[in-house]
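Read the structure below first, then the notes.
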Amino acid sequence: MIDTKGYAAQSAKSDVAPWNFRRREVKPKDVQIDILYCGICHSDLHQIRDEWGGSIYPMVPGHEIIGRVSKIGQQVQKFKIGQLVGVGCMVDSCRECENCKKGLEQYCTGGPSFTYNSYEQDRKTPTYGGYSKLVVVHEDFVLHVSEKLPIEAVAPLLCAGITTYSPLRHWKVGLDNKLAVVGLGGLGHMAVRFSVAFGAEVTMLSTSLSKEKDAKKLGAHKFVLTSDEARVKEVKGYFDFIIDTVSAPHDYNLYLSLLKSDGVQICVGVPPTAAEIDGFSLIAGRKSLAGSSIGGIPETQEMLDYCAVNNIISDVEVINIRDVNNAYERMLKGDVRYRFVIDMATL
Ligand SMILES: [Zn+2]
Ligand SMILES: [Zn+2]
């Protein structure tokens, strides 16, 4: 075993704090990565506080990992020592089910091994995430990262980026589409960047007028304040797609009413309580309410390559790991544009 250190939550009630722990030795197909940066995702906090249930402690959060390869197993073919690499939300899956064979490991029917708060495929060895010095991952779940972009701003692409890129690609959002984004946070700002890059007409829907300037700066073409009834009326039946990134309770029926016939509302945020959907919201206009979870490994690599070619990065605020608990409080208040990223040299 390899001795290492990180920041961990010991229970749902505790802050994350320094913790010494052990990683597995590098096996023949494994890559050891010295972590340089790790993004802070809102789901880190949900899981630390056990808001989704079933949390596993001690928990080392973090699934937006960028680092350099420091060791490789004898049979590793895709990576060399010194290369810049990334690890996202998953570190393994069964590799055999219908979804895994299609490169949709996130929908592995047996359940993928998530990067933290999860178990390896042996279903008993806990996984520990990126708030740590190093990580050991099977090469099939390690991604190539270009040296071209500022790497701290690449880290959030591994979760916030792929979570919005994947549905936009799946539904083939492009030039002929009018798309709305709900919620301007880590996910929302990437949804705006990608859909603008794909050629869609992009509208930000928000409850806060203060978001207008920010949304336009990111490239959004229009802004609608959802408390302004007259403006909302003007966009009834207007959109082909809505990307809904909100993880607080909200009225799905309102947004469904803004879709054209055959329009699709795609949920990527998870509110803590079940929503009420009026059947008429869907029937009138043959509309769909859909969801999407991160993206598979091949598509995550495609997204990273696309970002390198098109200069797409996340807006980040780099922090010292000692400030991580404070960063959670600020994130809850929406006081970050748009992603905190931990500089792991401070660990
Ligand atoms: Zn995440
Ligand atoms: Zn599978």
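Under this note's numbering, the first residue of the sequence shown carries the number 90, and numbering increases by one thereafter. Just so it is clear, CB atoms sit at the ideal spot from N, CA and C, and this is done for glycine as well.
Looking at ligand 1, does it come within less than 8 Å of residue i, judged from the CB to the closest heavy atom?
| i | result |
| --- | --- |
| Cys130 | yes |
| Asp404 | no |
| Asp133 | yes |
| Thr253 | no |
| Glu153 | yes |
| Ala289 | no |
| Cys248 | yes |
| Cys396 | no |
| Cys127 | no |
| Cys356 | no |
Within the same chain, show all residues whose beta-carbon is closer than 6 Å to that of residue i, passing over the 5 residues directly before and after it, in chain order.
| i | result |
| --- | --- |
| Ala101 | Arg138, Asp139 |
| Val335 | Val271, Gly272, Gly358 |
| Tyr344 | Ile331, Gln354 |
| Arg426 | Asp404 |
| Lys160 | Val115, Gln121 |
| Gly384 | Ile251, Ser255 |
| His310 | Glu290, Val291 |
| Leu264 | Gly288 |
| Ala244 | Tyr126, Gly128, Glu153, Ile155, Val430 |
| Thr435 | Asn409, Ile410 |
Give me whichever residues DSSP pairs with residue i in a beta bridge.
| i | result |
| --- | --- |
| Arg112 | Ile91 |
| Ala97 | Ala106 |
| Ala379 | Ile355 |
| Glu406 | Phe429 |
| Gly331 | The question names Gly, but residue 331 is Ile in the sequence shown. Ala269, Gln354. |
| Met444 | In the structure displayed, the chain extends from 90 to 436; residue 444 sits before or after that span and is not available. |
| Val176 | Ile154 |
| Ser202 | Asp181 |
| Tyr208 | Pro215 |
| Leu393 | Bridge partners of Leu393: none, in fact. |
Taking 8 Å as the line, does the beta carbon of residue i fall inside it for any heavy atom of ligand 3?
| i | result |
| --- | --- |
| Ala364 | The model depicted lacks ligand 3 and carries ligand 1 and ligand 2 instead. |
In its own chain, which residues sit with a C-beta less than 7 Å from the C-beta of residue i, not counting the 5 before and 5 after it?
| i | result |
| --- | --- |
| Ser350 | Gly374, Arg375 |
| Ser32 | Lying outside 90 to 436, the shown extent of the chain, residue 32 is not represented and no answer is given. |
| Glu209 | Asp181, Ser202, Thr216 |
| Leu307 | His278, Val281, Arg282 |
| Thr315 | Leu294, Ser295, Thr296, Val321 |
| Leu298 | Leu314 |
| Lys237 | Ala397 |
| Gln99 | Tyr146, Pro147 |
Got a sec? Which residues, its chain only, sit under 8 Å from residue i by beta carbon, not counting five neighbours each side?
| i | result |
| --- | --- |
| Arg111 | Met90, Ile91, Asp92, Thr93 |
| Leu440 | Given that the chain is displayed from residue 90 to residue 436, the structure contains no residue 440 and the question cannot be resolved. |
| Ser346 | Lys325, Gly326, Ser370 |
| Phe328 | Lys267, Leu268, Ala269, Thr292, Leu347, Leu348, Lys349, Gly352 |
| Pro360 | Val335, Ser336, Ala337, Pro338, His339 |
| Glu165 | A small fix is needed here, since residue 165 is Val in this sequence, not Glu. Excluding residues within five positions, the ones whose Cβ falls inside 8 Å are Pro117, Lys118, Asp119, Val120, Glu228. |
| Lys73 | Residue 73 lies beyond the range of the chain shown here (90 to 436); nothing can be said about it. |
Compare the C-beta of residue i with all C-beta atoms of chain C and state if any pair is closer than 9 Å.
| i | result |
| --- | --- |
| His131 | No chain C is part of this structure, which consists of one protein chain only. |
Query raised in the report: Relative to ligand 2, what is the chain-ordered list of residues with a Cβ closer than 5 Å to any of its non-hydrogen atoms?
Result: Checking every Cβ against the heavy atoms of ligand 2 under 5 Å gives Ser182, Cys183, Cys186, Cys189, Cys197.
Query raised in the report: Can you give, in chain order, each stretch of the beta strand (DSSP E) that sits fully within the region 249-315 and has at least 3 residues?
Result: The qualifying runs are 267-271, 290-295, 311-314.
Query - Continuous alpha helix (DSSP H) assignments of at least 4 residues falling wholly in the region 106-167 - result: Taking only runs of at least 4 residues, the alpha helix (DSSP H) segments lying wholly in the region 106-167 are 131-137.
Report task. May I have a chain-ordered list of the beta strand (DSSP E) segments no shorter than 3 residues that lie completely inside the region 213-237? Result -> Taking only runs of at least 3 residues, the beta strand (DSSP E) segments lying wholly in the region 213-237 are 223-227.
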